[in-house]
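Accompanying notes for the structure given below.
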């Protein structure tokens, strides 16, 4: 099982771009990288998934370097409502284990 | 994607009793997962429930304490047995959907308080 390492917490201000990096040094060849967002009193919500290079959707972008040993979730122009915990997971669904996540606080 | 309904959303229970949590999915799914999340903490996987086979429990979780049923491809239950205050937590179910094998979709969770 690939272990992931993320910063425990980050602070930002409204309108800024936020980049959260996740390290996964022992990622396997077939592993995908998946990010989730969790608000208080809710279950985690899928944000984005990628395998290599760059993936973008309406919510975020995911940058994955060629060696795939890390990934960066980019949230453009954050708002107060983006305050949440963000989790990076690696592997297939049955093998994924949640780490501590990154608690993002967006300030006005 | 999948829509997951979890019941009850919250409950307050007495020590020594049991609570059964239900998880209903709006489509047929192979993999269902049960997690526990204590306040301010990350999610801990309790077990994986696949239809037609016994649930697979993670280290530290046993079937006698957390029996799981998976009668069909859209439904599962988790029972928290002989509860103690240490079982106070949020319990979440999730599903892995066919064709999206690496993505899990979560219910809103059941907030359990044991007195």
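Protein chains in written order, with the working numbering: chain H, 35 to 142; chain G, 339 to 453. By construction, the Cβ of each residue, glycine as well, lies at the ideal position given by its N, Cα and C atoms.
Asked: What's the gap between the Cα of residue 71 of chain H and the Cα of residue 430 of chain G?; Found: 15 angstroms
Asked: Along the stretch 57 to 73 of chain H, where does the CB come closer than 7 angstroms to a CB of chain G? Name the residues.; Found: 66 and 68
Asked: Short check: CB of residue 448 of chain G to CB of residue 342 of chain G, under 7 angstroms?; Found: no
Asked: Buried or exposed: where does residue 347 of chain G fall if 16 or more other Cβ atoms within 10 Å of its Cβ makes it buried?; Found: exposed
Asked: For residue 453 of chain G, does the three-state DSSP call read helix, strand or coil?; Found: coil
Asked: Against residue 386 of chain G, what residues of chain H qualify as contacts under a CB-to-CB distance less than 7 angstroms, listed in chain order?; Found: 128
Asked: Checking 7 angstroms against the spacing of the C-beta atoms, do residue 135 of chain H and residue 444 of chain G come in under that value?; Found: no
Asked: Residue 414 of chain G bridges to which residues according to DSSP?; Found: G:361
Asked: Just the chain G side, please: which residues come within less than 9 angstroms of residue 76 of chain H by C-beta, in chain order?; Found: 444, 446 and 447
Asked: To the nearest angstrom, report how far apart residue 93 of chain H and residue 420 of chain G are at their CA atoms.; Found: 43 angstroms
Asked: Ends of the beta strand (DSSP E) at residue 141 of chain H?; Found: 136 to 141
Asked: Does any residue of chain H have a CB that is nearer than 7 angstroms to the CB of residue 450 of chain G?; Found: no
Asked: Check for me: the beta strand (DSSP E) holding residue 97 of chain H runs from which residue to which?; Found: 95 to 98
Asked: Within 7 angstroms of any Cβ in chain G, is that where the Cβ of residue 134 of chain H sits?; Found: yes
Asked: What does residue 374 of chain G pair with, by DSSP beta-bridge criteria?; Found: G:382 and G:429
Asked: With residue 83 of chain H as the anchor, note down where its beta strand (DSSP E) starts and where it stops.; Found: 79 to 84
Asked: Take residue 372 of chain G as the anchor and find which of G:362, G:378, G:363 and G:383 has the nearest alpha-carbon.; Found: G:383
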